[in-house]
Amino acid sequence: MPDVLIELEDVSYRYGDETALEHVSLQVRKGEFWAVIGPNGSGKSTLIKLILGLIAPQTGQVQLFGKPVGTFRNKERIGYVSQKSNAFNSAFPATVSEVVKSGLVKKTGMFRRYPEDADEKVMRALDAVGMAEYAGRSIGRLSGGQQQRVFIARALISGPELLILDEPTVGIDREHMESFYDMLGRLNREKSIAILLVTHDVDTVSELVTHVACVNRSIHFHGPQEEYNRREERIRNDWYGHPVRRIRHPKGEGEK
(Lines of atoms letter the chains of each structure in order from A and count residues from 1; the text may use other names and numbers.)
(Lines give C-alpha, C1' and ligand atoms only; values in the text may rest on other atoms or scores of the structure.)
Protein backbone atom coordinates (compact mmCIF):
# COMPACT_ATOMS: atom_id res chain seq x y z
CA MET A 1 0.00 0.00 0.00
CA PRO A 2 1.93 3.06 -1.24
CA ASP A 3 0.18 5.54 1.08
CA VAL A 4 1.22 3.67 4.25
CA LEU A 5 4.27 5.40 5.76
CA ILE A 6 4.56 3.47 9.04
CA GLU A 7 3.37 -0.07 9.67
CA LEU A 8 3.85 -2.08 12.84
CA GLU A 9 2.55 -5.63 12.83
CA ASP A 10 2.28 -7.59 16.11
CA VAL A 11 5.38 -5.91 17.55
CA SER A 12 6.64 -6.69 21.07
CA TYR A 13 9.70 -5.50 22.99
CA ARG A 14 11.07 -6.22 26.47
CA TYR A 15 13.87 -4.74 28.56
CA GLY A 16 15.08 -7.77 30.46
CA ASP A 17 12.05 -9.09 32.36
CA GLU A 18 10.07 -5.88 31.86
CA THR A 19 7.55 -5.71 29.03
CA ALA A 20 7.61 -2.33 27.26
CA LEU A 21 5.27 -3.15 24.37
CA GLU A 22 3.34 -6.25 23.41
CA HIS A 23 1.41 -7.19 20.26
CA VAL A 24 1.34 -3.64 18.85
CA SER A 25 -0.11 -3.14 15.38
CA LEU A 26 -0.44 0.33 13.85
CA GLN A 27 -0.55 2.06 10.46
CA VAL A 28 0.15 5.73 9.68
CA ARG A 29 -0.79 6.96 6.21
CA LYS A 30 0.08 9.98 4.11
CA GLY A 31 -1.30 13.26 5.39
CA GLU A 32 -2.52 11.93 8.75
CA PHE A 33 -1.82 13.66 12.05
CA TRP A 34 -1.51 11.16 14.91
CA ALA A 35 -1.33 11.82 18.63
CA VAL A 36 0.34 9.01 20.57
CA ILE A 37 -0.86 9.31 24.15
CA GLY A 38 -0.42 7.31 27.34
CA PRO A 39 0.91 7.54 30.90
CA ASN A 40 4.57 7.66 31.88
CA GLY A 41 6.23 4.29 31.35
CA SER A 42 3.58 3.16 28.88
CA GLY A 43 6.02 2.37 26.06
CA LYS A 44 5.66 5.53 23.95
CA SER A 45 9.41 6.19 23.77
CA THR A 46 10.06 2.54 22.94
CA LEU A 47 7.50 2.80 20.14
CA ILE A 48 9.38 5.77 18.64
CA LYS A 49 12.73 3.96 18.91
CA LEU A 50 11.26 0.99 17.05
CA ILE A 51 9.86 3.20 14.30
CA LEU A 52 13.19 5.02 13.89
CA GLY A 53 15.09 1.73 13.78
CA LEU A 54 17.10 2.53 16.91
CA ILE A 55 16.07 -0.81 18.38
CA ALA A 56 14.77 -3.92 16.63
CA PRO A 57 11.46 -5.61 17.50
CA GLN A 58 11.86 -8.89 19.33
CA THR A 59 8.68 -10.16 17.70
CA GLY A 60 6.70 -8.78 14.79
CA GLN A 61 7.92 -6.36 12.14
CA VAL A 62 8.21 -2.63 11.50
CA GLN A 63 8.09 -1.13 8.00
CA LEU A 64 8.77 2.41 6.79
CA PHE A 65 7.42 3.41 3.39
CA GLY A 66 6.83 -0.25 2.59
CA LYS A 67 10.33 -1.46 3.49
CA PRO A 68 11.61 -3.23 6.63
CA VAL A 69 12.98 -0.58 8.96
CA GLY A 70 16.37 -2.33 9.07
CA THR A 71 16.85 -1.86 5.32
CA PHE A 72 15.27 1.60 5.00
CA ARG A 73 17.88 4.11 3.76
CA ASN A 74 15.92 7.19 2.61
CA LYS A 75 16.33 9.04 5.90
CA GLU A 76 15.52 12.40 4.35
CA ARG A 77 11.90 11.26 4.02
CA ILE A 78 11.58 11.39 7.83
CA GLY A 79 12.09 14.36 10.15
CA TYR A 80 12.54 13.71 13.87
CA VAL A 81 12.44 16.13 16.80
CA SER A 82 13.21 14.82 20.29
CA GLN A 83 12.66 16.29 23.75
CA LYS A 84 15.19 19.01 23.06
CA SER A 85 15.06 20.78 26.40
CA ASN A 86 16.52 17.79 28.29
CA ALA A 87 19.71 17.67 26.24
CA PHE A 88 20.32 20.91 24.32
CA ASN A 89 23.07 23.24 25.54
CA SER A 90 21.66 26.76 25.21
CA ALA A 91 25.24 28.15 25.14
CA PHE A 92 26.00 26.25 21.93
CA PRO A 93 27.76 28.80 19.63
CA ALA A 94 25.60 28.61 16.51
CA THR A 95 23.07 30.80 14.79
CA VAL A 96 19.54 29.71 14.00
CA SER A 97 20.48 29.47 10.32
CA GLU A 98 23.47 27.23 11.06
CA VAL A 99 21.40 24.90 13.22
CA VAL A 100 18.76 24.51 10.51
CA LYS A 101 21.34 24.02 7.75
CA SER A 102 22.90 21.15 9.70
CA GLY A 103 19.71 19.21 8.96
CA LEU A 104 21.00 18.75 5.40
CA VAL A 105 23.83 16.52 6.63
CA LYS A 106 21.72 13.37 6.49
CA LYS A 107 21.06 14.10 2.81
CA THR A 108 24.51 15.32 1.75
CA GLY A 109 26.66 13.20 4.07
CA MET A 110 28.96 14.42 6.82
CA PHE A 111 31.89 15.38 4.57
CA ARG A 112 30.05 16.61 1.47
CA ARG A 113 29.45 20.23 0.60
CA TYR A 114 26.05 21.80 1.10
CA PRO A 115 24.03 22.32 -2.12
CA GLU A 116 24.13 25.76 -3.74
CA ASP A 117 20.55 26.44 -2.69
CA ALA A 118 21.18 25.50 0.96
CA ASP A 119 20.57 29.04 2.21
CA GLU A 120 17.28 29.21 0.30
CA LYS A 121 16.24 25.90 1.85
CA VAL A 122 17.08 27.26 5.29
CA MET A 123 14.89 30.33 4.82
CA ARG A 124 11.99 28.29 3.43
CA ALA A 125 12.15 25.95 6.41
CA LEU A 126 12.33 28.85 8.89
CA ASP A 127 9.47 30.62 7.15
CA ALA A 128 7.35 27.48 7.44
CA VAL A 129 7.65 27.63 11.24
CA GLY A 130 7.44 31.41 11.54
CA MET A 131 11.09 31.93 12.48
CA ALA A 132 12.63 33.52 9.36
CA GLU A 133 13.31 36.83 11.14
CA TYR A 134 15.53 35.03 13.67
CA ALA A 135 17.88 33.43 11.11
CA GLY A 136 20.96 35.34 12.26
CA ARG A 137 20.28 35.17 15.98
CA SER A 138 22.17 32.90 18.35
CA ILE A 139 20.14 29.77 19.12
CA GLY A 140 20.86 30.24 22.83
CA ARG A 141 19.08 33.61 22.88
CA LEU A 142 15.72 32.11 21.94
CA SER A 143 12.93 30.95 24.22
CA GLY A 144 12.23 27.24 24.64
CA GLY A 145 9.30 27.39 22.23
CA GLN A 146 11.31 29.29 19.63
CA GLN A 147 14.14 26.80 19.89
CA GLN A 148 11.70 23.94 19.30
CA ARG A 149 10.43 25.70 16.16
CA VAL A 150 14.01 25.94 14.95
CA PHE A 151 14.55 22.22 15.50
CA ILE A 152 11.37 21.50 13.57
CA ALA A 153 12.71 23.70 10.75
CA ARG A 154 15.91 21.63 10.89
CA ALA A 155 13.81 18.48 10.50
CA LEU A 156 11.87 20.05 7.60
CA ILE A 157 14.82 21.25 5.53
CA SER A 158 15.29 17.94 3.70
CA GLY A 159 11.62 17.91 2.62
CA PRO A 160 10.33 14.99 4.71
CA GLU A 161 7.00 13.30 4.14
CA LEU A 162 6.78 12.24 7.79
CA LEU A 163 7.53 14.27 10.92
CA ILE A 164 7.96 12.46 14.27
CA LEU A 165 7.81 14.62 17.40
CA ASP A 166 8.58 13.16 20.82
CA GLU A 167 6.87 15.39 23.40
CA PRO A 168 8.01 18.59 21.67
CA THR A 169 6.35 20.94 24.16
CA VAL A 170 8.68 19.98 27.03
CA GLY A 171 10.16 23.31 28.12
CA ILE A 172 7.53 25.44 26.36
CA ASP A 173 5.39 27.75 28.49
CA ARG A 174 1.75 26.71 28.48
CA GLU A 175 0.72 30.17 27.29
CA HIS A 176 2.70 29.53 24.09
CA MET A 177 1.57 25.96 23.43
CA GLU A 178 -1.48 26.95 21.41
CA SER A 179 0.52 28.84 18.79
CA PHE A 180 3.03 25.97 18.69
CA TYR A 181 0.28 23.43 18.03
CA ASP A 182 -1.33 25.72 15.46
CA MET A 183 1.98 25.78 13.61
CA LEU A 184 2.03 21.96 13.53
CA GLY A 185 -1.52 21.95 12.20
CA ARG A 186 -0.55 24.27 9.34
CA LEU A 187 2.40 22.07 8.41
CA ASN A 188 0.07 19.08 8.25
CA ARG A 189 -2.68 20.81 6.26
CA GLU A 190 -0.69 23.06 3.94
CA LYS A 191 2.33 20.85 3.23
CA SER A 192 0.54 17.47 3.61
CA ILE A 193 3.24 16.27 6.00
CA ALA A 194 2.15 13.28 8.06
CA ILE A 195 2.84 13.88 11.76
CA LEU A 196 3.28 11.45 14.63
CA LEU A 197 3.14 13.45 17.87
CA VAL A 198 3.94 11.85 21.23
CA THR A 199 2.25 13.97 23.87
CA HIS A 200 0.90 14.09 27.41
CA ASP A 201 -1.35 16.99 26.47
CA VAL A 202 -4.60 15.11 26.01
CA ASP A 203 -6.45 18.26 24.98
CA THR A 204 -4.48 18.20 21.73
CA VAL A 205 -6.41 15.09 20.76
CA SER A 206 -9.75 16.82 20.27
CA GLU A 207 -8.49 20.11 18.84
CA LEU A 208 -5.75 19.30 16.37
CA VAL A 209 -5.06 15.73 15.29
CA THR A 210 -6.85 13.45 12.86
CA HIS A 211 -6.04 10.16 14.62
CA VAL A 212 -5.22 8.89 18.11
CA ALA A 213 -3.21 5.94 19.42
CA CYS A 214 -3.56 5.28 23.15
CA VAL A 215 -0.57 3.24 24.32
CA ASN A 216 -0.17 1.49 27.65
CA ARG A 217 2.13 -1.44 26.84
CA SER A 218 -0.38 -2.47 24.19
CA ILE A 219 -2.50 -0.33 21.87
CA HIS A 220 -5.81 0.21 23.67
CA PHE A 221 -7.22 2.40 20.92
CA HIS A 222 -6.15 3.57 17.47
CA GLY A 223 -8.35 5.37 15.02
CA PRO A 224 -9.95 8.71 14.08
CA GLN A 225 -10.02 11.33 16.83
CA GLU A 226 -13.80 11.70 16.51
CA GLU A 227 -14.18 8.06 17.48
CA TYR A 228 -11.79 8.48 20.40
CA ASN A 229 -13.77 11.46 21.68
CA ARG A 230 -17.00 9.48 21.57
CA ARG A 231 -15.64 6.89 24.01
CA GLU A 232 -16.85 7.31 27.56
CA GLU A 233 -14.50 9.04 29.98
CA ARG A 234 -14.35 5.99 32.26
CA ILE A 235 -13.14 3.86 29.33
CA ARG A 236 -10.40 6.35 28.48
CA ASN A 237 -9.38 6.40 32.13
CA ASP A 238 -9.13 2.60 32.10
CA TRP A 239 -6.79 2.81 29.10
CA TYR A 240 -4.55 5.21 30.97
CA GLY A 241 -4.76 3.43 34.31
CA HIS A 242 -5.78 6.66 36.08
CA PRO A 243 -8.17 9.58 35.50
CA VAL A 244 -7.23 11.78 32.56
CA ARG A 245 -7.46 15.49 33.27
CA ARG A 246 -8.32 17.55 30.21
CA ILE A 247 -6.56 20.91 30.08
CA ARG A 248 -7.63 23.80 27.87
CA HIS A 249 -4.96 25.88 26.20
CA PRO A 250 -5.18 29.53 27.24
CA LYS A 251 -5.86 31.98 24.44
CA GLY A 252 -2.65 33.91 24.00
CA GLU A 253 -1.13 36.32 21.53
CA GLY A 254 1.17 33.75 19.94
CA GLU A 255 4.82 33.18 20.53
CA LYS A 256 7.39 35.91 20.06
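Going by this note's numbering, the first residue of the sequence shown is number -5, and it counts up by one from there. Every residue, glycine too, gets a C-beta built ideally from N, C-alpha and C. Because the structure is a prediction, the values reported are computed rather than measured.
Item: Assigned exposure category for Phe86 - 16 Cβ within 10 Å defines buried; Value: exposed
Item: Inter-stretch contact at 8 Å, needing at least 3 Cβ pairs: the stretch 26 to 35 / the stretch 204 to 211; Value: yes
Item: CB contact flag (Ala122, Leu150, <8 Å); Value: yes
Item: Asn68 to His194 span [Cα, whole Å]; Value: 30 Å
Item: Three-state secondary structure assigned by DSSP to Ser76; Value: coil
Item: Local conformation of Tyr175 per DSSP, three classes; Value: helix
Item: Contacts around Val63, its chain only, beta-carbon distance under 6 Å, and the 5 residues preceding and following it disregarded; Value: Gly47, Val56
Item: Ala29: first and last residue of the uninterrupted beta strand (DSSP E) it sits in; Value: 27 to 31
Item: Under the three-state DSSP convention, the category Thr89 falls into; Value: strand
Item: Candidates Leu157, Ser152, Val90, Gly153: closest to Gly124 by CA position; Value: Val90
Item: CB-CB length for Glu26 against His205, believed under 8 Å; Value: 5 Å
Item: Per DSSP, the bridge partner or partners of Ala207; Value: Val30, His216
Item: Cβ neighbours of Arg23 in the same chain (closer than 6 Å, five flanking residues each side left out); Value: Asp(-3), Val(-2)
Item: C-alpha gap between Thr40 and Asn223, whole angstroms; Value: 25 Å
Item: Residues that DSSP places opposite Thr53 in a beta bridge; Value: Ser6
Item: Rounded distance between the beta-carbons of Val192 and Asp160, thought under 8 Å; Value: 5 Å
Item: N- and C-terminal bounds of the alpha helix (DSSP H) containing Leu120; Value: 112 to 122
Item: C-beta contact flag for Gly37 and Leu20 at 8 Å; Value: no
Item: Per-residue burial, Gly60 [other beta carbons within 10 Å of its own, 16 or more giving buried]; Value: exposed
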